[in-house]
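Here the sequence shown stands for residues 346 to 460, where the numbers follow the working numbering.
In this text, a Cβ means the ideal position worked out from N, Cα and C, and glycines have one as well.
The structure under discussion appears below in the form of structure tokens.
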Amino acid sequence: VQLQASGGGLVQAGGSLRLSCAASGSIFSIVTLGWYRQAPGNQRVLVANITSDSTTYYADSVKGRFTISRDNAKDTVYLQMNSLKPEDTAVYYCKMQGAFIGPYWGQGTQVTVSS
């Protein structure tokens with residue numbers, strides 16, 4: 346299984362970005378998918394995840410601003426990030442995990458929000 350994250354970049358505060366994470370393999374529809382982020386000097390933390398039945402969870406810091414979604418037909422998970430803040434600056438990683446599956450991590454994509 347391989348995960349390929351994309352969509353990061355430099356954006357001004359208040360702007361938006363959409364991250365994508367495409368997976369290989371045939372297990373996509375039965376796993377939980379998550380987005381994590383790691384800022385310099387900090388631990389990697391969960392931002393949002395979505396289960397196989399599309400139940401979602403969001404960290405308090407991103408509730409109301411970020412939306413996670415999945416397209417099982419495309420084996421892709423998305424993170425729509427709106428109203429970005431400088432404190433959202435981090436490397437964002439996607440993760441796939443299920444019962445006796447993984448975890449598998451993507452390679453990370455840099456998000457930088459300027460003030």
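query                                                                                                                                                                  : result
Which residue's Cα is closest to the Cα of G354: T401, D405, L391, A435?                                                                                               : A435
Here's a check: name, in chain order, each residue in its chain whose Cβ is nearer than 8 angstroms to the Cβ of A404, leaving out the five neighbours to either side. : V390, L391, V392, A393
Which partner residues does D416 have in the DSSP bridge list?                                                                                                         : T421
Relative to the alpha-carbon of V346, which residue among I372, S361, L364, L378 has its alpha-carbon at the smallest distance?                                        : I372
Report the option in G352, T400, S460 whose CA atom is closest to the CA atom of V378.                                                                                 : Here residue 378 is Leu; the residue named in the question, Val, does not match the sequence. Out of G352, T400, S460, T400 has the C-alpha closest to the C-alpha of L378.
Taking just the CA atoms, how far does E432 sit from G360?                                                                                                             : 13 angstroms
Considering only the beta carbon of each residue, do Y438 and V456 sit closer than 8 angstroms?                                                                        : no
Since L364 and Y423 are thought to touch, with beta carbons under 8 angstroms apart, how far apart are those beta carbons, to the nearest angstrom?                    : 7 angstroms
If L362 sits next to G451, beta carbons under 8 angstroms apart, how far is it from one beta carbon to the other, in whole angstroms?                                  : Going by Cβ atoms, the distance from L362 to G451 rounds to 16 angstroms, so no, they are not a contact pair.
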